[in-house]
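Here the structure is laid out as structure tokens; the discussion comes afterwards.
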Amino acid sequence: MSTVTAEHERRLEALDRFERATQLPLLVLALLAIPLFLSPFVLDMSAGQERVIFALDWLIWGVFAADLLIRTRLAPHKLTYLRRHWFDVLIVVLPFLRPLRVGPSGRALRVLGAVRALAHVARAAHAMSAILGRRGVQGSLLLAGLVVTASAIAVYFAERSGSGEIDSLDTAFWWAIATATTVGYGDAVPVTALGRGVGVLLMIVGIGTFAALTANVAAFLFESQEPATDPASDEVLSELRRLHARLDAAGIAQDDGEREPATSP
624 MSTVTAEHER RLEALDRFER ATQLPLLVLA LLAIPLFLSP FVLDMSAGQE RVIFALDWLI
684 WGVFAADLLI RTRLAPHKLT YLRRHWFDVL IVVLPFLRPL RVGPSGRALR VLGAVRALAH
744 VARAAHAMSA ILGRRGVQGS LLLAGLVVTA SAIAVYFAER SGSGEIDSLD TAFWWAIATA
804 TTVGYGDAVP VTALGRGVGV LLMIVGIGTF AALTANVAAF LFESQEPATD PASDEVLSEL
864 RRLHARLDAA GIAQDDGERE PATSP
């Protein structure tokens, strides 16, 4: 039994060391994958350049797949580990849903393009959260930026082949920021069902996200204005309170701070 326990602990330690060592490289690759994925859609590239981007995209996918394979191999209970890290499994599986492999349906192309774009942003967010692990202002800023970025990319892929005004990434980002902040100028609106669905989700999530951001910024400013307390002063005040309580218990002091008059026997 002790041998099994020792092996279990050894695997957990090895898994923890591996995850800590690969967090930063995976974050860099995840952030690099986003412009690589978007570049063929926003830049005028030759066929050779597109093949290079395609190969780099698959190379990054291979690194994430190998990372998941190694972590699963190190985990003491592999099926349990995969169930708990279902998001990592989803990220590895999604690239197989290439739009070119699903037939001529324009709607299917838009849906898969939006899903793959969201997967790239989600992978970056997942890798970043593993390193930062922060709450408060930093976490709220990160969440707000990722919500806007994911929504902008998703609505761009949903609307770029439609007849609406959102036909470029800069317009998509403008729409996402205006919608998330509840400004809603109305100069660019989604016209497809998928784009409107993204808009509804952004309205719901954006209100809560930016409300949390505002609250955390206000709390941060309030805390920064509070005077710093001296630990030595706190200790002196605590000692004075204890002394005052002892005097009260002995009948030496009253609440008004005056000594009780002596009574004659």
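Everything in the sequence shown is counted per my numbering, starting at 624 for the first residue and increasing by one.
Think of the CB as a built atom: it goes at the ideal place given N, C-alpha and C, for glycine as much as any other residue.
If you're wondering where the values come from, they're calculated on a predicted model, not measured in any experiment.
For P648, the secondary structure class from DSSP, reduced to helix, strand or coil, is helix. The three-state reading of DSSP puts D793 in helix, counting H, G and I together. Residue state for V675 is assigned as helix, using DSSP reduced to three classes. The alpha helix (DSSP H) runs lying completely inside the region 683-716 and spanning 4 residues or more are 701-707 and 709-716, given in chain order.
Contact annotation: L825 and T794 have beta-carbon atoms that are not nearer than 9 Å. Put simply, of G822, P813 and V814 the residue whose alpha carbon is nearest the alpha carbon of T805 is G822. Judged by DSSP in its simplified three-state form, A811 adopts coil rather than helix or strand. Straight-line measurement puts the Cα of W681 at about 20 Å from the Cα of R694.
DSSP, reduced to helix, strand and coil, places D667 outside both helices and strands of the structure shown, so it counts as coil. Contact annotation: the region 634-643 touches the region 689-703, with at least three C-beta pairs closer than 8 Å. DSSP, read as helix, strand or coil, puts G787 in coil.
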